[in-house]
Amino acid sequence: MKVYKRIFSLFLCALVALASSAQIVAPVHWSGEVVGDSIDVTATIDEGWGMAIFEIEGVEAVVEMEYYGTYRQRLAMIDGHAPSIRFNACNDMMCTAPEEWCYEDVSTNTIAPASTTQQPQGTNLWLIFLFGLLGGLLAIFTPCVWPIIPMTVSFFLKRGGGARDAIIYGLSIIVIYVGLGLLVTLLFGASALNELATNAVVNLFFFALLVVFALSFFGLFEITLPDSWSTALDGQARKTTGFLSILLMAFTLVIVSFSCTGPIIGTLLVEAAGRSLLAPTLGMLGFAIALAFPFALFAMFPTWMQNLPKSGSWMQSFKVTLAFLELALSFKFLSVADMAYGWGILPRWLFIAIWIGCFLGLGIYLIRKSWVGKVLAIISWAFTAYLIPGLWGAPVKAIAAFAPPAESTVNSLQQAVFEDYKEGLRYAREHDMPVLLNFTGYGCVNCRKMESWVLSDERVEERMNHYVVITLYVDGRQLTSDASETIGERNSRIQREQYGSNAQPYYIQLDSQGQSISSPCAFTTDPDQFLNWLLY
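Here it is as structure tokens:
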């Protein structure tokens, strides 16, 4: 037990260390002091960072660069209030998004950040955790996992163990799976995981991987680890005693169930890639908790096992259902690569047609099963009916995060829409029109949500008619005209160097001369909030 506590403590320390490294980066520290009708503002910049000041309220033509050290400036009060300062910070690896700071309360000499529309990072992390829980629950009912429950009960009955052993067994499963999430994160890092999520070549690999997983679930072949591994671990678990035997039993579960849990884990890690440094670990934590709970519960109360339904054809049905879902999801990754390279092989209508085929086929398969299967078949067909209007341009918002963007959110505006930064600015100058910059990505899930829930809103479209809209994809793989870089590299460089951000979606309003006229806007699903941000 002491050994277990030591290992679990080390695991918690690693998780806490990882969490602390994923905190919001704030390399610039502000303070201020009121002196008569002026305010002395001081910014302390962390070592290795530089700060760019884009705008100081009441001061014209401000473009300043400051580096590691202290920046001081005396500013005049404006109508009794302190001026705001818009800035961002960069180091060799990343840039923070532009922020606007203002002197909130002259009596306390504090600086407070202005509000933004950026979605809290914690929201995405909670979603990944919930996806992990769902994946773990699904895994329990697969043919590779369900039959292991009686084997587990038999093991603990022979040991004569009680609640303590059952809890240790459950925690061991959690430590093993979360350790996998930690390993993925530590091997690749946050920036590399983001590249995995948006890189077109890697998305092709993910597409092929999920197709293989789907074919495995359909029963064409089995993805298994060597039998000798599970046999050796199981035999060793029965020979040893104490904590080590429980840990080996947990490893046996992981290996024996791999052919069913592998596809689910792979899908979960792919979805977590690029969300944040903590996302793979939290996803695996959710998966492990859901998977470990019933094993620990039945190990603690073995007589409950008599009430469980026996293994049977329903497990195969469940596995085939997962195969249809895996196959549909795989085309999301092919779509990202297709849009990034401009191949044009998977337009939106074809993507939706493939999903219609998957869910139509799922319904046909399930309708011949039990009453539960028939209910699920009706649900699957109802979803199929919902998708059909998407073939003719309906928004079908339920799959906005997966499908290619609808044409109506990109090209239906009455005014000009450009995908080239310089051409768009040139058109704006010639026609004396404001500019709306839209930094987006083919692999950006939140961008698809914005397009479906916000940019397709009739009121937003009408308001955007007053702008020259410049849509810049930061992950496009087509080469520029001089073949010096890809279009995505060029657009990403523009966003980083000229606007100090590397997150998408990201919206900026410019005047006809290309000067910023408002604070940027990030992700939101509220059309009214976006409308209030638009100036024209």
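In terms of our numbering, the sequence shown opens at residue 2 and continues consecutively.
Cβ coordinates follow ideal geometry from the N, Cα and C atoms, glycine included.
Owing to the predicted nature of the structure, the values given are computational and were not obtained by experimental measurement.
In whole angstroms, what separates the C-alpha of residue i from that of residue j?
i	j	result
valine 418	tryptophan 372	52 Å
leucine 625	leucine 335	The structure shown does not extend to residue 625, since the chain spans only 2 to 537, so no value can be given for it.
alanine 293	serine 246	17 Å
glycine 59	glycine 442	35 Å
alanine 383	glycine 284	30 Å
isoleucine 357	threonine 385	5 Å
alanine 329	valine 146	24 Å
phenylalanine 219	alanine 209	15 Å
valine 376	phenylalanine 360	14 Å
isoleucine 365	phenylalanine 319	14 Å
proline 406	cysteine 445	11 Å
glycine 287	alanine 215	23 Å
methionine 250	tyrosine 170	8 Å
phenylalanine 403	arginine 449	8 Å
valine 212	glutamate 463	41 Å
valine 176	glutamate 327	26 Å
phenylalanine 252	phenylalanine 325	29 Å
leucine 437	cysteine 522	11 Å
glycine 133	leucine 323	15 Å
threonine 262	methionine 301	24 Å
arginine 73	valine 397	52 Å
How many whole angstroms separate the CB atoms of residue i and residue j, which I take to be in contact at a CB cut-off of 8 Å?
i	j	result
cysteine 440	tyrosine 507	A small correction: the amino acid at residue 440 is phenylalanine; cysteine does not occupy that position in the sequence shown. Yes, they are in contact, since the Cβ atoms of phenylalanine 440 and tyrosine 507 sit about 4 Å apart, within 8 Å.
isoleucine 57	valine 29	Contact doesn't hold; Cβ gap of about 14 Å is too wide.
tyrosine 422	leucine 473	6 Å
valine 475	glutamine 505	6 Å
threonine 487	methionine 316	That pair is no contact at about 46 Å.
glycine 343	glutamine 479	5 Å
alanine 289	isoleucine 174	6 Å
glycine 136	leucine 269	5 Å
asparagine 204	alanine 297	About 37 Å separates the two Cβ atoms, so there is no contact after all.
Grouping DSSP H, G and I as helix and E and B as strand, with all else coil, what is residue i?
i	result
threonine 526	coil
valine 202	helix
glycine 489	helix
serine 519	coil
threonine 253	helix
isoleucine 174	helix
serine 468	At residue 468 the sequence reads tyrosine, which differs from the serine that was named. Tyrosine 468: coil per DSSP, three-state reduction.
cysteine 445	coil
leucine 76	strand
tryptophan 127	helix
glycine 33	strand
phenylalanine 222	coil
aspartate 166	helix
alanine 53	strand
isoleucine 346	coil
aspartate 339	helix
asparagine 503	coil
Taking residue i as the reference, give the member of the options with the closest Cα.
i	options	result
proline 348	Ala386, Ala324, Phe319 and Gly391	Gly391
isoleucine 434	Tyr443, His467 and Leu456	Isoleucine is not the amino acid found at residue 434; the sequence shown has methionine there. Closest by alpha carbon: His467.
valine 469	Arg478, Asp512 and Gly489	Asp512
asparagine 447	Ala83, Leu286 and Leu128	Leu128
alanine 1	Glu452, Ser32 and Leu323	With the chain running from 2 to 537 in the structure shown, residue 1 is simply not present.
glutamine 514	Gly425, Asn503 and Gln496	Gly425
phenylalanine 207	Ile177, Lys333, Phe299 and Ala90	Lys333
isoleucine 54	Val436, Gln499, Asp527 and Asp80	Gln499
leucine 184	Leu532, Leu172 and Thr282	Thr282
valine 255	Leu298, Asp529, Ala90 and Tyr178	Tyr178
proline 52	Ala83, Gly501 and Ile79	Checking the displayed sequence, the identity of residue 52 turns out to be methionine instead of proline. Among Ala83, Gly501 and Ile79, the Cα nearest to that of methionine 52 belongs to Gly501.
Count the other C-beta atoms from every protein chain shown that fall within 10 angstroms of the C-beta of residue i, then say buried if there are 16 or more, exposed otherwise.
i	result
aspartate 38	exposed
asparagine 492	buried
glutamine 510	buried
phenylalanine 130	buried
phenylalanine 88	buried
isoleucine 25	Legend: pLDDT at isoleucine 25 = 45, less than 50; position of this residue unreliable, no value from coordinates given.
phenylalanine 531	buried
glutamate 100	buried
glycine 345	exposed
leucine 139	buried
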